[in-house]
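Structure first, commentary second.
Residue numbers (the working numbering): 30 to 100.
If you want it as structure tokens, here you go:
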């Protein structure tokens with residue numbers, strides 16, 4: 030995480046890498062994320078079934094410290 034904090038790249042890349050590390054989701058799931066999939070109050074990211082390999086909705090808790098940065 031320290032090296033990522035020092036990374037001087039695009040903010041969207043940093044955010045995507047943080048999401049990958051903190052959620053353990055697949056890169057394609059993170060890349061396809063839409064703001065409408067995030068529930069700020071429940072601190073939950075609902076990935077629709079259409080984007081999941083098993084065709085079932087996947088709910089991912091967002092890390093409490095990350096939620097303000099993500100949403």
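Beta carbons are placed, not taken as given, at the ideal position from N, Cα and C, and that holds for glycine.
Given residue i as reference, the closest of the options once Cα atoms are compared
| i | options | result |
| --- | --- | --- |
| residue 63 | 39, 70, 42 and 74 | 74 |
| residue 79 | 65, 72, 58 and 71 | 58 |
Straight-line Cα distance separating residue j from residue i
| i | j | result |
| --- | --- | --- |
| residue 91 | residue 48 | 9 angstroms |
| residue 36 | residue 45 | 13 angstroms |
| residue 52 | residue 88 | 10 angstroms |
| residue 2 | residue 40 | Since the first and last residues shown for the chain are 30 and 100, residue 2 lies out of range. |
| residue 66 | residue 60 | 13 angstroms |
| residue 31 | residue 71 | 28 angstroms |
| residue 34 | residue 42 | 12 angstroms |
Three-state secondary structure (DSSP) of residue i
| i | result |
| --- | --- |
| residue 60 | helix |
| residue 31 | helix |
| residue 84 | coil |
| residue 90 | strand |
Within-7 angstroms CB hit, residue i to chain B
| i | result |
| --- | --- |
| residue 80 | Going by chain labels, chain B is absent from the structure shown, which holds only one protein chain. |
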